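*Asks:*
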Amino acid sequence: MNDFQNMADRFEIEALRGEFTDAGMMSDYDRFASLFTQDGVWQIPLAGIAFAGREEIRAGIERLKGGWDYFVQTAHPGTIRVDGDTAAGRSYIAEFGRLREGGSHMNHAIYHDRYERTADGWKFAERRYEVMYVDMSPLTGSVPEAH
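In case it helps, UniProt numbering puts the sequence shown at residues 1 to 147.
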């Protein structure tokens, strides 16, 4: 594979990771699920969560987001290793929010990813979320009121 193709693949995979965070933050559940291969897997082992296939992933993200009063995720670039039509990588995540039940949550984590090139571009074959730090202390801030 030439250097230009490798750079283009890495750029497209980084865009895919950005779309994941944006779709989740904007509650665009159909777009969120479309970022995975048909048989893709999304796992959060610490929480006992594993969704397989786009339908499960779509239902899962909608159910999970429904439990939050507000939720913010920021993604930070990590590694990407392209090998033909597959790739692997990591990205680093910071999240915080308040649950509808009133509890607060903040964590830092790593997404361990496998990607596949499809006719529709790069997709997640697997995203596995490894939590590195958790803080359940009450958040002192609030959602600002619109003016």
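Don't be surprised by glycine CBs; every beta carbon is placed ideally from N, CA and C.
Note that the coordinates shown come from a computational prediction; the quantities given were computed from them, not determined experimentally.
With respect to the beta strand (DSSP E) encompassing R128, which residues constitute its N-terminal and C-terminal limits?
*Replies:* Run containing R128: 121–135, per the beta strand (DSSP E) assignment.
*Asks:* State the beta-bridge partners of T86 as determined by DSSP.
*Replies:* According to DSSP, which records beta bridges pairwise, T86 is partnered with D83, E116.
*Asks:* Less than 8 Å between the CB atoms is what I'm expecting for A90 and H112, so what's the real figure, rounded?
*Replies:* Going by the sequence as given, residue 90 is Arg instead of Ala. Their Cβ separation, rounded to whole angstroms, is 6 Å, which keeps R90 and H112 in contact under 8 Å.
*Asks:* Tell me which residues share the same chain as G40 and place their Cβ nearer than 6 Å to its Cβ, disregarding the 5 neighbours each side in the sequence.
*Replies:* Around G40: F124, A125.
*Asks:* Look up N6 in the DSSP assignment and say whether it is helix, strand or coil.
*Replies:* Note: N6 maps to helix in three-state DSSP.
*Asks:* Taking F32 as the reference, give the member of K65, R10, R117 with the closest Cα.
*Replies:* Selected option, being the one with the closest Cα: K65.
*Asks:* Please determine, among R98, A87, S27, the residue with the shortest C-alpha to C-alpha distance to R58.
*Replies:* The shortest C-alpha separation from R58 is found at S27.
*Asks:* So what does DSSP say about T21, is it helix, strand or coil?
*Replies:* Helix.
*Asks:* For a quick check, are the C-beta atoms of H105 and A94 less than 9 Å apart?
*Replies:* Their beta carbons are not under 9 Å apart, which means H105 does not touch A94 by this criterion.
*Asks:* For G60, report the span of its alpha helix (DSSP H) as first-last.
*Replies:* First-last of the alpha helix (DSSP H) with G60: 54–65.
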